[in-house]
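Here is the structure we will look at.
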Ligand SMILES: Cc1ncc(C[n+]2csc(CCOP(=O)(O)OP(=O)(O)O)c2C)c(N)n1
Ligand SMILES: Cc1ncc(C[n+]2csc(CCOP(=O)(O)OP(=O)(O)O)c2C)c(N)n1
Ligand SMILES: [Mg+2]
Ligand SMILES: [Mg+2]
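Protein chains in written order, with this note's numbering: chain S, 23 to 342; chain P, 23 to 342; chain H, 243 to 568; chain Y, 243 to 568.
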C-alpha cells in the first residue's frame, strides 16, 4: 500500500493507461500544466504529442475528441471546469452520446470528458456546478463521480478502457484528500456501488464530495441514528440493486446530490426507489441538493449548495 | 369565438404583442418564412427590422438575444428545432438563465426562446427531442409547453411580457390542431394548470402532445377507470397545488412526458408528489416517458417515444 | 487534370449520372410520400462530391455534406449508393442501419459519423484528421460543408485548430449561395468564403463547382498538400441547388419565391451537361456510350429501389443494445 | 490625438495610476488571502481599458475583459472603481452585489452583463450593439476580449453577424500573447489577430497596447465609424501581462516558467512609465503633479479597501428572490 492523494490518483491512472495503450492521449486547454491536477508528470513523461495543449476552443476540442475516438483513439478530453460542458453541449451531449446509437452500433466513440466540479471555493455560477443530470438526461454517456483517491484511480482506468464516452467529474474539495491505495494495478468496474459506511436505520445515497458530508452527518448522529452511506460511484451505469437492498433493511432513505435539485439526480433516484421499493418505504425519499438557483459565489455560495446540517436534518426528518 | 389552429395561434400572439410593444422583435434563421409556423404574415406586417433573418449562427443569435434583452428589448429567438438549444447551451442555459441572479437583480433578460419540439415525424435524434429537463435543471429560465391553440396563444402573450427568459416549446404534431378561441385579447398566466378532463380514479399529468395521448387513453378507459387529465401548461412556474389537490381525490397518478425518462420531468414531479402527498398515494407514481435512449428516426421512432398504449397500461398498473 | 486518362474522364461522367439518377429516385419517392424522412436533393451539386471524392483513397476519411444524404460522395469515392433509399425508408440495410433514416456510416470506407446539426462536420472532421496524423500513414480527411455551416463557430474553431496542428484535412465548401432560405449576401460580409482561409493561414481557393474536372484538380492539389504534412486547405466550390432546400418545402429566398431566371441561368451550367458537352467535344463520349451509361444508371436505381422496398426493418429489440457499445 | 488638451493627457495618466493602484490593492489582498475569489491582475494591460474607454459616452455599452475584473474599463469611462474590492469580498456593495464575487454590472453606465465563460463577451456585445442600433441614438458598444477569446466560435459568429448587420460595436482585443498558459504562437496560425477582421470585411488594426495615446486614438476612430453607422471594427492591442494568469497560480508557458527576460523586456514598456515619460518630456507632467496623483490614488485605494471591509454581506434571504425577476 502507498499513500496518495486524489489528484495524484487521477494522474497515476492516466499515466498507467497512457503507458499501456498508445491510443490514449490527453487534449484540452493547458493540459500540460494540468491546472486542476497540479501535475507536470504527464507532459514530462509523454510529451506534447500525447498531452496536447489546444487553443481556447471547446467546440473543436470536444469535437476532435469525438472524431478521434470514432477513428480508433481513446482521447481524454479535459474540459477544465465541468461547467464548460455547456460550451460544447452539442459535441458532448449529442455527438458523443449518440454516436453509437445513431449509427446502428457501427462506430462507437470511446473517450473520457474530464472536468473539475462542485463548490467549496466560492468560484461562482459558471465554475461551481456538478452538471450530472444533464449528462444522465442524454443517454449514451456514462457518468463517473469518484469520492476517494482509491475510487478515483480505479474508476479512471476503467473509464478509459470503456468503449463509450464517459464523463468523469472530480471534485475541487477532494483534491488533497489522502488515502492508502494498493501498489499493484487495480480497476473498479463502473456500476458497482460502494457501501462507505454500514448502518441499519437509514440509507444515505451520495456521490463525490457529498459522500463526505454524508459520512460527517452519520458521525454526528452516531449513537442516535445508525446511518448507512452508499456511494454509487457511477450514476450510469447505476447500481440500484445495492441501494434497494439497503432500503429493504432501513426503510428510509435520503439522497444527497450537489447538482441542482430540480430534475436532478436525487429526483431520479427517488422516483426509481418509489418504483422499485414503494412498499418498503416508511417515509418519503428525502433529498438534499443544491438549491433551485445558480450557485452563487463567495460568501453566498453556502446558501446554494448542500451543507452537513441539511444532511443531518434530512436524516432526522425521515427517521421520525 | 373564431376557429384557429395551433400555429396560427402562435403567430397571432406574436403579431399582437409586436403591435402592442415596439421592443418585441423576432430573430433567428429563416424566421421571415417562419418554417415551423408556416406564416409569412409577420414579415409582411412588420418588415425585416423586426423579423430578422440571421446567419446560421446559433451562438450569436442566442447571445444577441440575451444582450438585446438586457438592454431593454424583448426578443423572441426562434431556435428552429428545440433540440438546437444544445447549440447555444452556454448562451441559453447559463447566460440567459443566470443574468438576473448573477448580477444581483440589477439587469434582467426578458426574452423568449422558441423551438419546435417532439417526435411524430421520424426526424431522428437531433430533431425530435423535447429538452424540458435541461431547461428546468438550470433555474432562471421559465418553461412553457402549450397543448392547444387556446393555450398556445394566451401563454405566448404572457411569455413575451414576462421579465425573464422563457423557453416556449411547441409540438410538431399539434401544428394543425384547431380550436375555437375568443375574438378578444386574453392572456393565460404562467403557473396555472388546466384540468383538461375531470375524473375520480387516477390523475394523469401531461404536457404538449402527451396531453392528447392522455385524453385518448382516458377515452379508451371510459366506463372502467375515470381519468383526470391535468396539463400544467408551464413547468416553471409549476402549479403543484392543482396536481396535489387532484391526487388527494384520486390517490393514484401517472406522469406522461415526452422528454427522456432519466432525470426528466416525470421524475421531478414524482419526487415532489412523494414529498408533498406521500400519505395520499395508494400506488407509486408511474411515469411514461421517452425511453432512455436517443430518439430514433423513421420506423424506429415509435419505440422511443410514449405511445397511447403505454399510457393506458400505466394507468391500469396504478389502478390495481 | 492533364493526367486524366479518357477512362478516368468517362468514369467521372458515369459517376455524375449515377449520382443524379439516385438523387432523382429519392426525389420521386419523396414526392410519392414513401420516404420516412426529409430529403435534401443534391441536384446541381453533383460535380463537387463526385469530383473531389474521386481523388480519395479507400482509407481516407470522408465527412459528407447533407446534399443527397451522401450519394455524391459515396459514388465519387467508388462506393455503392444502394443503401441510400433503404436508410430513407428506415430499413436495416440502410447505411446507418435505418436507425435515424438519414445518417450514413461506413467504417471500411472511412465514413465514421454524420451529424444532424449543421457545422458539426467541421469539428468532427478535425478529429478524424487528428487520427489520420497520429496514424502516420498518409491518410487525409475530406470534409464537405455548406456555406451556411461556415457561419457557425465550429468552422472557426476547427479551421484554427487544424491549421495550428497542421492536420491533414481538406474542407470543401459547397457554396450554393444560400442556407435554407437565407442568401449568402445577407449572411456573409465578404464575397468569397475562400478568403476566410487567410485567417487560418491556409490555402483557400474559389472553384467552379459545376465543373467536375476543376473540382477534381483542385481537390487533388489540396489532398497532396495534406498528405505531405502541409496541413489543411479550403476549397470553395460555387454551385447552386436546383431544387428546394428539402423536398416538399417552399422554394423561397427569405420569404419570396426564388427567381425563376436565376434558376434557369444556373441550369444552363448543369454539371452533367457541362461534363457531357466537354467530353463529347473531346470525342471521348459518344452518343452510344451516353445512352449506355444512362441505362446502366437507371438499372442501378431500380435495383436500389427494389432492394430498399424488400429490405426488412430493424428489429426494435436491438435499440436498447445500441445506447451503449459493448 | 492631436486634439487632446493637456488636461486630457493628464487625466489619462491619472486614470492609469488609479487603475494600477486599485489593481495592486486587489493583488495584495489576494496574497493576504482576503479575496474570496480569484483575481486576474490587469498590470501591463492598463493602457487599453483606460485609453479606449475614455472616448465612450456614459450611455455607450461597455463589456469589460476579465483583466482587473473591470477596473481599467470603469476607470477609463470615468466611473468609480470602489465596488471592486467589495465584490471580491462578496459584499453587498460590490458591483455585482457580491453575489458572484466577480461580475460587474452598472446599468446607468452601460455595463449590462459579464460572463464567466471566455468568449461570451462577443455574442452578448453583439446584442448590446443590436439594441444600440435599434435605439437609433448613436450609441456604440465597446467590447474587450483577450486573444484567447478570439479562438472561440463565439468570436466568429458575432463578428460575422455584426458586420452583416452593420452593428455599432468595437472589439478591442487585448493580445497579451497568451491565453492561460498557452502562447498565441501555438494557438493561432496567423501572426496578427487584426487580420481576421478581413473575414468580416471590417477594419482591423494592430495597436501598441502599451501606449495609452495610441489606443485612445484608434478607439476614437473606430467609435466614430460605429456611431456613423459604418459598422463594427476590431482593434488588436499588443500587450503583456506582468503577473501570472491569476493570483497565486503558477506563471508558466505551457508547463515551463515564463522567460524572465521576456517579462523584463516588456516591463520596460510599462504603460504607466511610457505615458509618464512622454508627458514629462512634453513638460505636461511635473514631479509635483506625479506625486500628487500618486498620493490621491493611494488615498482612493485605501478608501476602497476600508469601504469593502466595512460593507455588509448580502442578506442570504434575497437569493431566492433573484432567480427570477419580478
Ligand atoms: C445547428 C443547426 N442549425 C440549423 C439547422 C437547420 N438547417 C438544416 S440545413 C440548413 C441550411 C444549411 O445551409 P448550408 O450549410 O449552406 O447547406 P445547403 O443546404 O445550402 O446545401 C439549416 C439552417 C441545423 N440542422 N443545424
Ligand atoms: C469557455 C471558457 N473556457 C476556458 C475558461 C478558463 N479560462 C479563464 S481565463 C482563460 C484564458 C483567457 O485568455 P485570454 O482571452 O487571452 O485573456 P487573458 O487572460 O490572456 O487576458 C481561460 C482558458 C473559461 N473561463 N471559459
Ligand atoms: Mg448553402
Ligand atoms: Mg491573452
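From the three backbone atoms N, C-alpha and C, an ideal C-beta is built for every residue, glycine too.
Taking C-alpha atoms, which residue in 73(S), 139(S), 80(S) and 290(S) lies nearest to residue 105(S)? Looking at the Cα atoms, 139(S) is the closest of the given residues.
Just list the residues that DSSP pairs residue 219(S) with in beta bridges. Note: residue 219(S) is bridge-paired with 251(S) in the DSSP secondary-structure output.
If you run the structure through DSSP and keep just helix, strand and coil, what is residue 50(S)? DSSP places residue 50(S) in strand when its eight states are reduced to three.
Within the structure, which residues are defined as neighbours of ligand 3 by a Cβ-heavy atom distance below 6 Å, reported in chain order? The set, ordered by position in the chain, is 388(H), 389(H), 390(H), 418(H), 420(H) and 421(H).
If you scan the stretch 262-337 of chain Y from start to end, which runs of the alpha helix (DSSP H) of 4 or more residues do you find wholly inside it? The DSSP assignment places 288-295, 313-318 and 325-330 as complete runs of the alpha helix (DSSP H) inside the stretch 262-337 of chain Y, in order along the chain (cut-off: 4 residues).
Verify the contact flag: residue 346(Y), CB atom, against every heavy atom of ligand 2, threshold strictly below 7 Å. It does not: the Cβ of residue 346(Y) is nowhere closer than 7 Å to a heavy atom of ligand 2.
Is the stretch 265-284 of chain S touching the stretch 158-166 of chain P, taking contact as three or more C-beta pairs under 8 Å? Enough Cβ pairs lie closer than 8 Å, so yes.
Closer than 7 Å: residue 308(H) CB and nearest ligand 1 heavy atom: Answer for residue 308(H): yes, Cβ within range of ligand 1.
Delimiting residues of the alpha helix (DSSP H) encompassing residue 70(S): Element bounds for residue 70(S): n/a, residue is neither H nor E.
Contact between the stretch 111-130 of chain S and the stretch 24-38 of chain S is defined here as three or more beta-carbon pairs at a separation below 8 Å; is this criterion met? When C-beta atoms of the stretch 111-130 of chain S are compared with those of the stretch 24-38 of chain S, fewer than three pairs fall below 8 Å, so the two segments do not count as touching.
Residue 370(Y): contacting residues in chain P (beta-carbon distance under 8 Å): The answer, in chain order, is 89, 90, 92 and 93.
Applying a beta-carbon distance threshold of less than 8 Å, which residues of chain H neighbour residue 129(S)? The answer, in chain order, is 347, 349, 354 and 355.
What is the residue span of the alpha helix (DSSP H) that residue 123(P) lies within? Segment 119-124, the alpha helix (DSSP H) holding residue 123(P).
Going residue by residue through the stretch 520-554 of chain Y, where are the continuous alpha helix (DSSP H) segments of at least 4 residues, counting only ones entirely within it? Contiguous alpha helix (DSSP H) elements confined to the stretch 520-554 of chain Y occur at 529-552, taking only those with 4 or more residues.
Residues in its own chain within less than 7 Å of residue 288(S) by CB, not counting five upstream and five downstream? So the list reads 277, 279, 309 and 311, once near-sequence residues are dropped.
Amino acids of chain H, ordered along the chain, whose beta-carbon sits closer than 8 Å to that of residue 78(P): Per Cβ cutoff of 8 Å: 360, 361, 390, 391, 393, 394, 421, 422, 424 and 429.
Taking the alpha helix (DSSP H) that residue 84(P) belongs to, which residues open and close that run? Counting along the chain, the unbroken alpha helix (DSSP H) around residue 84(P) starts and ends at 80-92.
Which residue from 269(P), 240(P), 175(P) and 248(P) puts its Cα closest to that of residue 24(P)? When the alpha-carbon of residue 24(P) is set against those of 269(P), 240(P), 175(P) and 248(P), the nearest one is in 175(P).
So which of 150(P), 41(P), 69(P) and 126(P) has the shortest CA-CA distance to residue 568(Y)? Check the Cα spacing between residue 568(Y) and each of 150(P), 41(P), 69(P) and 126(P): the tightest is with 126(P).
Given 8 Å as the limit, is there contact between the stretch 454-462 of chain H and the stretch 264-284 of chain H, that is, 3 or more CB pairs closer than that? Judged by Cβ distances under 8 Å, the stretch 454-462 of chain H makes no contact with the stretch 264-284 of chain H, as fewer than three pairs qualify.
Which residues of the stretch 430-451 of chain H have a Cβ closer than 8 Å to any Cβ of chain Y? Give them in chain order. Within the stretch 430-451 of chain H, the residues whose Cβ lies closer than 8 Å to some Cβ of chain Y are 430, 431, 432, 437, 438, 440, 441, 442, 443 and 444, listed in chain order.
Assumed close pair residue 38(S), residue 205(S) - CB separation to whole angstroms, cut-off 8 Å: About 12 Å; that fails the 8 Å criterion.
If you count every other CB in all the chains shown that lies within 10 Å of the CB of residue 88(P), and 16 or more means buried, which is it? So residue 88(P) counts as buried.
Flag residue 109(S) as yes when its Cβ comes closer than 7 Å to any non-hydrogen atom of ligand 2, and as no otherwise. Yes, the beta carbon of residue 109(S) sits closer than 7 Å to at least one heavy atom of ligand 2.
Residue 331(S) to residue 242(S), Cα distance in whole Å? One C-alpha to the other measures close to 10 Å.
Compare the C-beta of residue 155(P) against all C-beta atoms of chain S and say whether one is closer than 8 Å. At least one chain S Cβ lies under 8 Å of residue 155(P).
Since residue 478(Y) and residue 436(Y) should fall inside the 8 Å C-beta cutoff, what is the C-beta to C-beta distance between them, to a whole number of angstroms? Confirmed, about 4 Å.
Mind checking whether the beta-carbon of residue 282(H) lies closer than 7 Å to any heavy atom of ligand 1? The answer is yes for residue 282(H).
Which chain P residues are close to residue 159(S), counting only those with a beta carbon under 7 Å from its beta carbon? At a beta-carbon threshold of 7 Å, the residues of chain P lying near residue 159(S) are 155, 156, 282, 284, 285 and 286, ordered along the chain.
Could you tell me whether the Cβ of residue 531(H) comes closer than 8 Å to any Cβ of chain S? No, because no Cβ of chain S sits closer than 8 Å to the Cβ of residue 531(H).
Less than 7 Å between C-beta atoms, sequence neighbours within five positions excluded: which residues of the same chain meet that for residue 429(Y)? If we look at residue 429(Y) and ignore the five residues flanking it on each side, its Cβ neighbours are 393 and 421.
Examine chain H for any beta-carbon lying closer than 8 Å to the beta-carbon of residue 385(Y), and answer yes or no. No, its Cβ sits nowhere closer than 8 Å to a Cβ of chain H.
Would you list, in chain order, the members of the stretch 489-516 of chain Y that have their beta-carbon closer than 7 Å to a beta-carbon of chain S? Per Cβ criterion, the list reads 492, 494, 496 and 497.
If we cut at 8 Å on Cβ distances, does residue 399(H) have a partner in chain S? By the rule that beta-carbons nearer than 8 Å mark a contact, residue 399(H) touches chain S.
DSSP three-state label for residue 212(P), please. Here residue 212(P) carries a coil assignment [DSSP, helix/strand/coil].
What are the residues that DSSP puts in a beta bridge with residue 495(Y)? Beta-bridge partners assigned by DSSP to residue 495(Y): 498(Y).
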